[in-house]
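One structure is given below, encoded as structure tokens.
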Amino acid sequence: MSVPEQTTEVVIAKLPSRPSPEQVEQCVSILLDAFNGDPIVDAISGFNPPVWAGLLKHRIGNGEPDWETYVATVNGHIQGVALVIPPGKGYPEDPDEFTSQLDPKIFAWQKKTLFPSMTTLDTLSFGPHGIRDPLYLNFLAVSPAARKFGLGSRMLSHLKTVADSQQADFALNSEHAHLCEYYGKRGFEVRGESPVVIHPSGQELVSWGLVNPFSVDPRA
190 MSVPEQTTEV
200 VIAKLPSRPS
210 PEQVEQCVSI
220 LLDAFNGDPI
230 VDAISGFNPP
240 VWAGLLKHRI
250 GNGEPDWETY
260 VATVNGHIQG
270 VALVIPPGKG
280 YPEDPDEFTS
290 QLDPKIFAWQ
300 KKTLFPSMTT
310 LDTLSFGPHG
320 IRDPLYLNFL
330 AVSPAARKFG
340 LGSRMLSHLK
350 TVADSQQADF
360 ALNSEHAHLC
370 EYYGKRGFEV
380 RGESPVVIHP
390 SGQELVSWGL
400 VNPFSVDPRA
């Protein structure tokens, strides 16, 4: 007697504006695991892990119009998360309840040095309006157990369709050369390169801006 093969159902969709606490926790857990020790994340969160975790919960759970969350579920369980900023929007302001937890000197350094250096890369890569013109992928993470399903590539493909439907480029930044190669195989082009100051000591990290250009469906 043959044993029926177990099917795997992968679904990619935008999270509701008011997701359940369980959905928020699953998304935050995947992102925290994927970006643990990431130098850019450390810098933008003020080297304060609780602030980073709190910001993620706030962004994903509060249905902010400047921030959209897409998830990939495998057999009903969230295994991939993408945080995107839609065309026409910029980086959301961090609420006072989080910035007030930062060392004042670190917060001042972020505003004076870190964020301007990031803006320089954005305008160099995406044009004078920075991330306001494209669909901008801020973070993408997949749980280790689900990487065999190619969720990262599937989510990029889905978001490219979303960008095309909005007649917008699909853009992102990366500080990792091997990821630039990965994105390049999936339609992205490097449009800019610039150092980003990631520490008050002056430490810099080269970052690249990549764009997957808007394309019209020839069948349309």
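Here the working numbering is used: the first residue of the sequence shown is 190, the next is one more, and so on.
In this text, a Cβ means the ideal position worked out from N, Cα and C, and glycines have one as well.
- The segment 305-317 makes contact with the segment 366-385; the number of CB pairs closer than 8 Å reaches 3 or more.
- When DSSP states are grouped into helix, strand and coil, G319 belongs to the helix group.
- Nearest neighbour of S218 by Cα position, chosen from F377, S332 and Q356, turns out to be S332.
- In the displayed model, G235 falls within coil according to three-state DSSP, outside both helix and strand.
- For K278, the secondary structure class from DSSP, reduced to helix, strand or coil, is coil.
- Here R343 really is in contact with V199; their C-beta atoms are around 7 Å apart, less than 8 Å.
- Counting C-beta atoms within 10 angstroms of its own C-beta, R207 has fewer than 16 neighbours from the protein chains shown and is therefore classed as exposed.
- The shortest C-alpha to C-alpha distance from S390 to any of G269, K294, G277 and E253 is the one to K294.
- In the DSSP assignment, P293 falls within the alpha helix (DSSP H) that extends over P293 to W298.
- Between G316 and D222, the alpha-carbon positions lie close to 32 Å from each other.
- Straight-line measurement puts the Cα of L340 at about 23 Å from the Cα of V379.
- A contact is defined here as three or more CB-CB pairs under 8 Å, and the segment 229-242 fails this definition with respect to the segment 262-270.
- When rounded, the separation of the alpha-carbon atoms in Q290 and D283 is 11 Å.
- Closest option to V270, judged by alpha-carbon separation, among A366, E257 and T197: E257.
- Secondary structure in the segment 355-388: the alpha helix (DSSP H) runs of 4 residues or longer, each lying completely within the stretch, are 366-373 in chain order.
- Here DSSP, grouped into helix, strand and coil, assigns E198 to coil.
- The DSSP-derived three-state label of V405 is coil.
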